[in-house]
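Encoded as structure tokens, the structure appears first; notes follow it.
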Amino acid sequence: MSMPRSHRIRRRSFLAGLGAVAAGVSLGSRRALAAEEARVNFYNWDTYIGETTLEDFAKATGVEVKMDLFADNDELFAKLKEGNPGYDLIVPTNDYVERMIAAGMLETLDHSKIPNIANLAPSFRDAAFDPGRKHSLPYMWGTIGIGYRKSRVDAPPDSWKWLYDSDRHSGRIAMLGDAGVVVQMGLKLLGKPLNSTEPALIKQVEEMLIRQKKHIKVFAEDNGQDLLASGEVDLTMEWNGDILQVMEEDDDIAFVVPREGGLLWQDCLCIPKGAPHPMNAHRFIDFLLDGENGAAIADFIQYATPNAAAKALMSAEYRENPAIFPPDSVIEICEASVYKGEEYQRLIDETWTRIQAA
Amino acid sequence: MDDLSANRRVGWVLGLPPTAWLLVFFLVPLGLIWVLSFGEKRGIVDIAITWTFDNYQRALDPLYLQIFAKSFWFAGITTAVCLLVAFPIALAITFATPRWKPILLLLTILPFWTNLLIRTYALIAVLRTRGYVNFTLEWLWEKADALLVLVGLGHLQLLGERFEPVELLYNNFAVVFGLVYVHLPFMVLPLYAALDRLDRSYIEASLDLGASQFRTFASVVVPLALPGIVSGVIITFIPALGSFLTPDLLGGTDSQMIANVIERQFKSANDWPFGAALSFLLMYITFFALALRAMASRGRSAMEAA
Numbered sequence: 211m212s213m214p215r216s217h218r219i220r221r222r223s224f225l226a227g228l229g230a231v232a233a234g235v236s237l238g239s240r241r242a243l244a245a246e247e248a249r250v251n252f253y254n255w256d257t258y259i260g261e262t263t264l265e266d267f268a269k270a271t272g273v274e275v276k277m278d279l280f281a282d283n284d285e286l287f288a289k290l291k292e293g294n295p296g297y298d299l300i301v302p303t304n305d306y307v308e309r310m311i312a313a314g315m316l317e318t319l320d321h322s323k324i325p326n327i328a329n330l331a332p333s334f335r336d337a338a339f340d341p342g343r344k345h346s347l348p349y350m351w352g353t354i355g356i357g358y359r360k361s362r363v364d365a366p367p368d369s370w371k372w373l374y375d376s377d378r379h380s381g382r383i384a385m386l387g388d389a390g391v392v393v394q395m396g397l398k399l400l401g402k403p404l405n406s407t408e409p410a411l412i413k414q415v416e417e418m419l420i421r422q423k424k425h426i427k428v429f430a431e432d433n434g435q436d437l438l439a440s441g442e443v444d445l446t447m448e449w450n451g452d453i454l455q456v457m458e459e460d461d462d463i464a465f466v467v468p469r470e471g472g473l474l475w476q477d478c479l480c481i482p483k484g485a486p487h488p489m490n491a492h493r494f495i496d497f498l499l500d501g502e503n504g505a506a507i508a509d510f511i512q513y514a515t516p517n518a519a520a521k522a523l524m525s526a527e528y529r530e531n532p533a534i535f536p537p538d539s540v541i542e543i544c545e546a547s548v549y550k551g552e553e554y555q556r557l558i559d560e561t562w563t564r565i566q567a568a
Numbered sequence: 267m268d269d270l271s272a273n274r275r276v277g278w279v280l281g282l283p284p285t286a287w288l289l290v291f292f293l294v295p296l297g298l299i300w301v302l303s304f305g306e307k308r309g310i311v312d313i314a315i316t317w318t319f320d321n322y323q324r325a326l327d328p329l330y331l332q333i334f335a336k337s338f339w340f341a342g343i344t345t346a347v348c349l350l351v352a353f354p355i356a357l358a359i360t361f362a363t364p365r366w367k368p369i370l371l372l373l374t375i376l377p378f379w380t381n382l383l384i385r386t387y388a389l390i391a392v393l394r395t396r397g398y399v400n401f402t403l404e405w406l407w408e409k410a411d412a413l414l415v416l417v418g419l420g421h422l423q424l425l426g427e428r429f430e431p432v433e434l435l436y437n438n439f440a441v442v443f444g445l446v447y448v449h450l451p452f453m454v455l456p457l458y459a460a461l462d463r464l465d466r467s468y469i470e471a472s473l474d475l476g477a478s479q480f481r482t483f484a485s486v487v488v489p490l491a492l493p494g495i496v497s498g499v500i501i502t503f504i505p506a507l508g509s510f511l512t513p514d515l516l517g518g519t520d521s522q523m524i525a526n527v528i529e530r531q532f533k534s535a536n537d538w539p540f541g542a543a544l545s546f547l548l549m550y551i552t553f554f555a556l557a558l559r560a561m562a563s564r565g566r567s568a569m570e571a572a
């Protein structure tokens with residue numbers, strides 16, 4: 211199962227960010243740690259870091275950060291599967307953290323080197339997918355729901371049925387091209403736990419989607435927000451942050467988490483096995499979890515921070531935005547996806563192949 | 267050539283880079299994938315090579331055969347449309363003045379200067395609901411509607427109440443359109459190469475002896491250009507068959523081609539052995555088609571010789 215997500219921001223700030231990255235990378239190392247080269251190889255999502263974060267870290271510590279980008283968890287996983295090509299820090303989503311722990315691909319974190327863990331909100335200091343947070347620390351989190359064009363709906367489409375089981379918006383619907391997520395949200399509509407692996411239930415979702423297919427315009431490559439913004443579709447299944455970014459430019463767009471609930475995800479900072487600079491990776495994690503640094507990142511990328519110290523520094527506009535921080539009533543009905551084994555992976559892939567071939 | 271074969275050392279030095287290249291970057295990786303196709307997935311990262319045929323057996327499931335068939339269908343239509351469009355283009359280049367010929371050839375290969383991904387995104391901007399095709403149609407609709415109002419027929423609303431955009435994107439039409447757009451140069455160039463070599467006196471003779479333009483084209487030009495047609499068909503069909511980017515970006519909910527399934531095996535499904543088996547099945551089918559063609563042409567030349 212994958213969770214591709216483009217962390218898109220406005221072009222100008224992106225270019226500014228690029229400049230900052232270039233500047234950060236070109237800053238030479240000033241002070242080398244005794245044992246380790248002053249460097250961190252960071253493998254991150256696109257536009258998922260603060261405007262000057264890497265530069266600031268280089269200034270503060272003399273450690274240079276080289277950042278590569280991946281487009282989705284599958285790319286990250288495939289790249290590290292055959293052995294770590296030299297990354298010190300990666301940002302997988304929770305179920306991939308679980309999968310990588312199971313495959314023995316993650317290093318144990320030394321919490322004593324990361325005092326800023328104390329900044330994390332209490333609910334993020336432990337996780338079911340990584341008991342005791344031995345291998346991962348939270349970076350950003352969010353939900354999934356329906357982004358929609360207000361002028362084209364009678365009322366907020368607050369049920370997954372508008373995507374999965376209705377001809378009301380025929381031909382004006384985009385779904386994520388992500389088999390795992392599509393099946394899981396279908397299970398939510400059926401009132402079942404999204405982590406169910408029961409083949410009969412998954413079959414039921416498959417049949418529903420095959421019936422609904424003629425009304426769905428596209429299984430989008432994680433560009434639902436663009437399809438919505440350009441008027442190609444009226445409803446799209448998307449990650450909250452992606453919709454938020456187009457909402458800033460278009461007042462007619464809104465986001466809702468359906469009443470059946472959705473998915474809660476969490477992107478985590480992890481050190482992969484075989485990392486050449488683990489000491490500096492720990493320092494960089496600690497730097498990212500600092501209140502001010504965390505606030506600068508959240509302000510730039512507009513995703514929800516699990517960092518209480520960082521959140522306290524943010525504007526009310528950010529802290530009280532329900533599309534960034536959904537109310538508790540919404541969070542209660544959402545679930546986190548867990549890693550369900552390789553057999554499940556195959557079941558989902560075959561389901562997806564059949565849905566598209568039907 | 268004689269000098270080369272006489273001086274074996276020069277032959278060795280010149281032959282080594284391409285041989286090494288072929289070995290290291292083509293045959294070895296291909297061999298690895300071939301071995302992988304007889305493997306079994308054990309856990310998340312481990313693959314045991316057990317020389318099982320299970321992956322091939324699974325690939326022969328009707329579900330996947332149906333997707334193979336659909337891919338052949340898409341690639342076949344693409345090749346046919348490319349041939350129809352490319353023939354006049356190649357003829358035009360062949361008979362262009364020496365001044366225009368290089369310019370036309372340059373225009374043909376110009377798209378290669380831009381990355382496939384960027385060209386595909388550009389197509390999205392052209393075909394989407396609020397894209398350039400629909401903008402043009404809307405403009406024409408408005409002009410036509412205004413004209414109707416002008417002649418006093420406005421109240422009949424002959425053209426409908428308002429402009430309805432044409433759905434050009436996210437369907438199978440968009441996939442074939444995209445494939446034709448991408449593969450057209452692959453058809454034009456071999457056709458041009460064949461037509462350019464064609465002895466024009468045959469055409470003149472045919473016309474002089476009273477054959478019509480069409481008859482000359484069908485009985486003289488096409489048979490003489492046949493080698494170009496065959497290579498054009500092959501180098502268009504094979505890459506079109508293995509496309510995954512175009513159906514991914516332009517296709518709708520039922521535009522999945524076999525390469526999309528293969529890609530998923532190496533990414534989200536994390537089933538490399540099965541992906542390897544599907545890839546090799548595709549390759550075997552392609553080889554089989556090429557072998558059939560070789561046999562057919564050998565049969566034909568044998569017949570001609572007899």
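Sequence order for the protein chains is S and Z.
Numbered by my numbering, the letters in the first sequence go through residues 211 to 568 in order.
Numbered by my numbering, the letters in the second sequence go through residues 267 to 572 in order.
We put the beta carbon where it would ideally sit given N, CA and C, even for glycine.
For this session: Could you have a look at Arg249/S and say whether DSSP puts it in helix, strand or coil?
Result: One-based indexing of the first sequence puts residue 249/S at position 39. In the structure shown, Arg249/S adopts extended strand secondary structure according to DSSP, grouped into three states.
Problem set entry | Interface partners of Arg556/S on chain Z, CB under 8 Å | Numbered from its first residue, the first sequence carries residue 556/S at position 346. The contacting residues are Ala535, Asp537.
For this session: Compare the Cα-Cα distances from Pro403/S to each of Thr263/S, Cys544/S, Ser440/S and report the closest residue.
Result: Numbered from 1 along the first sequence, position 193 holds the residue referred to as residue 403/S. Out of Thr263/S, Cys544/S, Ser440/S, Cys544/S has the C-alpha closest to the C-alpha of Pro403/S.
Problem set entry | Interface residues of the segment 507-532 of chain Z facing chain S [CB-CB below 7 Å] | Listed in sequence order: Asp514, Leu515, Gly518, Thr519, Asp520, Gln522, Val527, Arg530, Phe532.
Problem set entry | C-alpha gap between Pro302/S and Ile501/Z, whole angstroms | Residue numbering aside, residue 302/S sits at position 92 when the first sequence is read from its first letter. Residue numbering aside, residue 501/Z sits at position 235 when the second sequence is read from its first letter. Answer to the nearest angstrom: the Cα atoms are 40 Å apart.
Exercise. When we look at the beta-carbon of Met350/S and count the other beta-carbons within 10 Å, is it buried (16 or more) or exposed?
Worked result: One-based indexing of the first sequence puts residue 350/S at position 140. Buried.
Exercise. So which residues on chain S does Gly309/Z lean against when the C-beta distance must stay under 9 Å?
Worked result: Numbered from 1 along the second sequence, position 43 holds the residue referred to as residue 309/Z. Residues of chain S whose Cβ lies closer than 9 Å to the Cβ of Gly309/Z are, in chain order, Ala312, Ala313, Glu552.
Exercise. Out of curiosity, what's the CA-to-CA distance linking Ile426/S and Ala384/S?
Worked result: To locate residue 426/S, count along the first sequence from 1; it is residue 216. To locate residue 384/S, count along the first sequence from 1; it is residue 174. Their backbone Cα atoms lie some 6 Å apart in a straight line.
Problem set entry | Close Cβ partners of Thr552/Z (< 8 Å) along its chain, the five nearest in sequence each way excluded | Reading the second sequence from its first residue, position 286 is the one you call residue 552/Z. Sequence-distant Cβ neighbours of Thr552/Z in its own chain, meaning closer than 8 Å and more than five residues away, are Ile504, Leu507.
For this session: Examine chain Z for any beta-carbon lying closer than 8 Å to the beta-carbon of Gly396/S, and answer yes or no.
Result: Taking the first residue of the first sequence as 1, we reach residue 396/S at position 186. When Cβ-Cβ separations below 8 Å define contact, Gly396/S makes no contact with chain Z.
For this session: Note down, in chain order, all residues in the segment 401-415 of chain S with a beta-carbon under 8 Å from any beta-carbon belonging to chain Z.
Result: Within the segment 401-415 of chain S, no residue has its Cβ closer than 8 Å to any Cβ of chain Z.
Exercise. So which of Asn438/Z, Gly418/Z, Arg394/Z, Asp474/Z has the shortest CA-CA distance to Arg382/S?
Worked result: By 1-based counting over the first sequence, the position of residue 382/S is 172. Minimum Cα distance to Arg382/S is reached at Arg394/Z.
Problem set entry | Neighbourhood of Asp452/S by C-beta distance below 6 Å, restricted to the same chain and skipping five residues each side | Stepping through the first sequence from its first residue, residue 452/S is reached at position 242. Closer than 6 Å at the Cβ level, and outside the excluded window around Asp452/S, lie Gln435.
For this session: Please confirm if Ile507/S has its CB atom under 8 Å from at least one CB of chain Z.
Result: In the first sequence, the residue the question calls residue 507/S occupies position 297. By this cut-off, Ile507/S is not an interface position.
Exercise. Which term fits Leu264/S, buried or exposed, when burial requires 16 or more other beta carbons within 10 angstroms of its beta carbon?
Worked result: As a working note, residue 264/S is residue 54 in the first sequence. Under a 10 Å Cβ-count criterion, Leu264/S is classified as buried, with 16 or more other Cβ atoms of the shown protein chains found around its own Cβ.
Exercise. Do the segment 415-433 of chain Z and the segment 343-354 of chain Z touch if we need at least three Cβ pairs shorter than 8 Å?
Worked result: Contact fails: fewer than three Cβ-Cβ distances are below 8 Å.
For this session: Could you tell me whether the Cβ of Arg421/S comes closer than 8 Å to any Cβ of chain Z?
Result: On the first sequence, residue 421/S is found 211 positions in, with the first residue counted as 1. Interface with chain Z (8 Å Cβ-Cβ cutoff): Arg421/S is excluded.
Exercise. Taking any Cβ of chain S, which residues in the segment 395-414 of chain Z have a Cβ under 8 Å from it, in chain order?
Worked result: Within the segment 395-414 of chain Z, the residues whose Cβ lies closer than 8 Å to some Cβ of chain S are Thr395, Arg396, listed in chain order.
Exercise. Counting contacts by CB-CB distance shorter than 8 Å, is Asp559/S in contact with chain Z?
Worked result: On the first sequence, residue 559/S is found 349 positions in, with the first residue counted as 1. So, interface residue.
Problem set entry | Supposed close pair Ala491/S, Lys360/S - CB separation, criterion 8 Å | Here residue 491/S refers to the residue found at position 281 when the first sequence is read from its first residue. Here residue 360/S refers to the residue found at position 150 when the first sequence is read from its first residue. The pair is not a contact, with the Cβ atoms about 44 Å apart (cut-off 8 Å).
Exercise. Could you check where the beta strand (DSSP E) with Leu464/Z kicks off and where it finishes?
Worked result: Taking the second sequence and counting its residues from 1, the one referred to as residue 464/Z is at position 198. Run containing Leu464/Z: none; DSSP gives neither H nor E here.
Exercise. Roughly how many whole angstroms lie between the Cα atoms of Phe338/Z and Gln332/Z?
Worked result: Start at 1 with the first residue of the second sequence, and residue 338/Z comes out as number 72. Start at 1 with the first residue of the second sequence, and residue 332/Z comes out as number 66. Each residue's alpha carbon lies about 10 Å from the other.
For this session: Run down chain Z in chain order and give the residues with a C-beta less than 7 Å from the C-beta of Phe429/S.
Result: What you label residue 429/S is simply residue 219 of the first sequence in a count that begins at 1. Thr519, listed in chain order.
Exercise. Going along the segment 317-350 of chain Z in order, which residues come within less than 7 Å of chain S, judged by CB to CB distance?
Worked result: Going along the segment 317-350 of chain Z in chain order, one finds Leu329, Gln332, Ile333 with a Cβ nearer than 7 Å to chain S.
For this session: Please name the residue in Ile511/S, Gln476/S, Thr563/S whose C-alpha comes closest to that of Thr257/S.
Result: Looking up residue 257/S in the first sequence gives position 47. Of Ile511/S, Gln476/S, Thr563/S, the residue nearest in Cα terms is Ile511/S.
Problem set entry | Under 8 Å between C-beta atoms of Leu457/Z and Ile495/Z | Here residue 457/Z corresponds to residue number 191 of the second sequence, with the count starting at 1. Here residue 495/Z corresponds to residue number 229 of the second sequence, with the count starting at 1. Yes, Cβ-Cβ distance for Leu457/Z and Ile495/Z is below 8 Å.
For this session: Can you grab the Cα-Cα spacing for the pair Thr519/Z / Ile327/S, in whole Å?
Result: The count along the second sequence starts at 1 and reaches residue 519/Z at position 253. The count along the first sequence starts at 1 and reaches residue 327/S at position 117. Approximately 44 Å between the Cα atoms of the pair.
Problem set entry | Paired residues, beta bridge with Cys478/S - DSSP | In the first sequence, counting from the first residue as 1, residue 478/S sits at position 268. Looking at the DSSP output, Cys478/S bridges to Pro348/S.
For this session: Just the C-alpha distance for Asp559/S and Leu370/Z, rounded to the nearest angstrom, thanks.
Result: In the first sequence, residue 559/S corresponds to position 349, counting from 1. In the second sequence, residue 370/Z corresponds to position 104, counting from 1. Distance between the alpha carbons of Asp559/S and Leu370/Z is about 46 Å.
Exercise. Who are the neighbours of Arg309/S on chain Z, taking C-beta pairs under 8 Å?
Worked result: As a first step, residue 309/S must be located in the first sequence, where it is residue number 99. Result: Ile310.
Exercise. Name the residues in the segment 434-465 of chain S whose C-beta lies less than 7 Å from a C-beta of chain Z; which are they?
Worked result: The segment 434-465 of chain S vs chain Z, Cβ under 7 Å: Ser440, Gly441, Glu442.
For this session: Kindly provide the ranges of any beta strand (DSSP E) runs that are 3 or more residues long and lie completely inside the segment 482-510 of chain Z, ordered along the chain.
Result: DSSP runs (the beta strand (DSSP E)) wholly in the segment 482-510 of chain Z: none.
For this session: Report, in whole angstroms, the separation of the C-beta atoms of Leu386/S and Val392/S, which I expect to be a contact under 8 Å.
Result: The residue labelled residue 386/S in the question sits at position 176 within the first sequence. The residue labelled residue 392/S in the question sits at position 182 within the first sequence. Between Val392/S and Leu386/S the Cβ distance is about 6 Å, and since that is below 8 Å, they are a contact.
Exercise. Using a Cβ-Cβ cut-off of 7 Å (strictly less than) and excluding sequence neighbours within five positions of Val441/Z, which residues of its own chain qualify?
Worked result: Along the second sequence, read from residue 1 onward, the residue named residue 441/Z stands at position 175. Phe340, Thr512, Pro513, Leu516, Gly517, Ser521, listed in sequence order.
Exercise. Would you report the Cα separation of Val456/S and Gly357/S, rounded to the nearest angstrom?
Worked result: If you number the first sequence from 1, residue 456/S lands on position 246. If you number the first sequence from 1, residue 357/S lands on position 147. Their Cα atoms are separated by approximately 10 Å.
Exercise. In this structure, does DSSP put Tyr582/S in helix, strand or coil?
Worked result: The shown model of chain S, from 211 to 568, leaves out residue 582/S, and the question about it has no answer.
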